[in-house]
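**Student:** Protein sequences appear in the order of chains A and B. Take the first sequence: its letter number 62 is residue 67 in our numbering, and every next letter is one higher. Take the second sequence: its letter number 87 is residue 1579 in our numbering, and every next letter is one higher. Quick one: this structure, given as structure tokens, is what I'll be asking you about.
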Amino acid sequence: ELKVEQNPLFLSMQEGKNYTIYCNYSTTSDRLYWYRQDPGKSLESLFVLLSNGAVKQEGRLMASLDTKARLSTLHITAAVHDLSATYFCAVGGSGGGADGLTFGKGTHLIIQP
Amino acid sequence: GAVVSQHPSRVICKSGTSVKIECRSLDFQATTMFWYRQFPKQSLMLMATSNEGSKATYEQGVEKDKFLINHASLTLSTLTVTSAHPEDSSFYICSARRLRVGTEAFFGQGTRLTVV
């Protein structure tokens, strides 16, 4: 059974600071995703990581994947209030997209001015 | 592109009634659609996987007779919550995967179901 552990689950930080969210998963996977969710809304896709060593960046967010360690990180640089949201990592199995995703519990991020 | 539309976005129903939620891929054909449930302040849990023209595959613990899934075409899947009870109140989200293209699945906007 695929398990996905995310930490921290709650993070309060000040604007301008850097921080990292970690996502560990238990079995081999061929893809890892990061999503953002605002209150009452659905998911917004941030990154799709498909290979070992993959690194993607968009604005103040950067995601990386180490498939050997079964670890992905989402790094926030110089946080701004607009990044306040809940962030989920999700992992697919080895079905090449034919299987659903297993989500971490989410990291509730609050960025204070 | 890659838009997935869910309808309705919110629904309130009485206990014992049934509710149908639609998930449409607007600009692509979806071989596979997934249904997730999210309780307040919790993560998303996969309920079932549906492939066009075949029976849905349900995750362990999900009652297939209660959550009826139909995937009649490459652009439409429906989830019917039968004999709804207050404990079925949740946020239901579908996602759709493109036919033969990539591994990403695109999410609908979700349906907030409240059973009173």
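Even for Gly, the Cβ is constructed at its ideal location relative to N, Cα and C.
Using beta carbons (cut-off 8 Å, strictly below), is I1585 of chain B in contact with chain A?
**Tutor:** I1585 of chain B counts as touching chain A.
**Student:** What are the start and end residues of the beta strand (DSSP E) that includes A1562 of chain B?
**Tutor:** It should be noted that the sequence gives Asn, not Ala, for residue 1562 of chain B. Residues 1559-1565.
**Student:** Could you give the uninterrupted runs of the alpha helix (DSSP H) lying entirely in the segment 36-77 of chain A, keeping only those of 4 residues or more?
**Tutor:** With a minimum length of 4 residues, no continuous alpha helix (DSSP H) run stays inside the segment 36-77 of chain A.
**Student:** Between the C-alpha atoms of L1536 of chain B and G21 of chain A, what's the straight-line distance to the nearest angstrom?
**Tutor:** So the two alpha carbons sit approximately 30 Å from each other.
**Student:** Compare the C-alpha of I115 of chain A against each of A:G105, A:L88, A:L106, A:A95 and name the closest.
**Tutor:** If we check each option's Cα against that of I115 of chain A, A:L88 comes out closest.
**Student:** Between G109 of chain A and T91 of chain A, how many whole angstroms is the CB-CB distance? I'm expecting something under 8 Å.
**Tutor:** With a Cβ gap of about 10 Å, G109 of chain A and T91 of chain A do not count as contacting.
**Student:** Flag this pair as yes or no: are the beta carbons of G105 of chain A and L7 of chain A separated by less than 8 Å?
**Tutor:** No, the pair does not count as a contact, with Cβ atoms beyond the cut-off.
**Student:** Between which residues of its own chain and P118 of chain A is the CB-CB distance below 7 Å, once the five residues before and five after are set aside?
**Tutor:** Answer for P118 of chain A: E20, H86, listed in chain order.
**Student:** Mind checking if G98 of chain A is an interface residue toward chain B, Cβ cutoff 8 Å exclusive?
**Tutor:** No, because no Cβ of chain B sits closer than 8 Å to the Cβ of G98 of chain A.
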